[in-house]
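A short write-up of the structure that comes next.
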Amino acid sequence: MFGRGFLWGGIALIEQSIQGFVEGLAAREPVPGGGAAAALAGGMGAALGAMAIQFTVGKKKYADLREDLERDLALLEELSQGFLSLVEEDAAAFLPLSRVYAMPNGTQEEKEAREQAMEAALMDAVQPPLGMLRLCRRTADALERIERMVSPLMISDVGCAATLTQSCAQAAALNVLVNAKLLKDDTVAQRLIRETQETSRQVAEILGPVYAKVEGALCRRY
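Using this note's numbering, the letters of the sequence shown map in sequence onto residues 119 to 340.
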């Protein structure tokens, strides 16, 4: 079993091999699912941005940018670890929700108990993907900055980082929306939907141009 506090083959989710994680996604199990996959994509995006800086900072040509590069390096490393934590948190939050769906609802009392449990589980389930969106927003800002600073040899990795971060944001948004739409509290649901749509839009508006600049630079022949 995957997730925080749950093991698969005696190994925690983020300590799985790549093959093990992918096989887990394909398995007929509630976790890991799209949320965990999204968080992993976000972690890889931030990590690629950090790598691009690692191969740039310290070179004489970029001496004037060292302070800015090191600041963003520390930030992207922090963000990458934050995404990895959300891999576990998403699995941990979704598992209780999957159990609520199996609760009996034959009698009125059972229906009321199931409805209360569902509302609480849905609120827990939206938190990890919402956290991913917020991390994606911060990652997008960092990638926008470093695209202008890193070595041209690393620019394709910044583009890959932007693509992975954008994918994480889109997938995370879907994971918020699929749960928010089921909430009985319409005020809370609408607040979650608004934040999700707005943050997702902001990430796309930042990373779309980053990708376009990278693609344009790579298409130019010397």
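All residues carry an ideal CB built from backbone N, CA and C; glycine is no exception.
Close beta carbons around residue i, own chain, < 6 Å, minus the five adjacent residues each side
{"i": "L166", "result": "D275, C278 and A279"}
{"i": "M162", "result": "L282"}
{"i": "Q315", "result": "none"}
{"i": "F124", "result": "Its pLDDT being 48, under 50, F124 is placed unreliably in this model, and the value from its coordinates should be taken loosely. Cβ neighbours of F124 beyond the five flanking positions: none."}
Reduced DSSP category for residue i - H, G, I as helix; E, B as strand; rest coil
{"i": "R341", "result": "This structure leaves residue 341 out entirely; the chain is present only between 119 and 340."}
{"i": "T225", "result": "coil"}
{"i": "M119", "result": "In this prediction, M119 scores a pLDDT of 36, lower than 50, which makes its location untrustworthy; the coordinate-derived value is nonetheless stated afterwards. Coil."}
{"i": "L300", "result": "coil"}
{"i": "Q288", "result": "helix"}
{"i": "K178", "result": "helix"}
{"i": "A172", "result": "Checking the sequence shown, residue 172 turns out to be Gln, not Ala. It is helical."}
{"i": "V276", "result": "helix"}
{"i": "A145", "result": "coil"}
{"i": "Q134", "result": "coil"}
{"i": "Y329", "result": "helix"}
{"i": "A322", "result": "helix"}
{"i": "P247", "result": "helix"}
Check: residue i C-beta below 8 Å from any heavy atom of the ligand SAH
{"i": "E133", "result": "For the ligand SAH, the structure offers nothing, since it holds no ligand at all."}
Residue i and residue j closer than 9 Å at C-beta
{"i": "M236", "j": "F173", "result": "no"}
{"i": "L202", "j": "L158", "result": "yes"}
{"i": "N293", "j": "P222", "result": "no"}
{"i": "L362", "j": "L197", "result": "In the structure displayed, the chain extends from 119 to 340; residue 362 sits before or after that span and is not available."}
{"i": "A239", "j": "V268", "result": "no"}
{"i": "E195", "j": "A168", "result": "yes"}
{"i": "L282", "j": "V328", "result": "no"}
{"i": "G138", "j": "M250", "result": "no"}
{"i": "A243", "j": "Q320", "result": "no"}
{"i": "L193", "j": "V175", "result": "no"}
{"i": "S285", "j": "A170", "result": "no"}
Residues near residue i in its chain [Cβ-Cβ closer than 7 Å; skip 5 each side]
{"i": "R122", "result": "Confidence in R122 is poor, its pLDDT being 43 and thus under 50, which makes the residue's placement unreliable; the coordinate value appears in the next sentence. Within the same chain, R122 has close Cβ partners E206, E207, A209 and A210."}
{"i": "I341", "result": "One cannot answer for residue 341 here, as it falls past the ends of the chain, which runs 119 to 340."}
Contact set for residue i: own chain, Cβ-Cβ below 8 Å, skip 5 residues either direction
{"i": "E333", "result": "G277"}
{"i": "E152", "result": "Per the sequence shown, the amino acid found at residue 152 is Gly instead of Glu. So the qualifying residues of the chain are A289, L292 and N293."}
{"i": "E233", "result": "K302"}
Contact with chain C by residue i, beta-carbon distance below 9 Å
{"i": "L187", "result": "Of the protein chains in the structure, only one exists, and it is not chain C."}
In chain order, each beta strand (DSSP E) run of at least 3 residues that lies wholly inside the region 174 to 219: none
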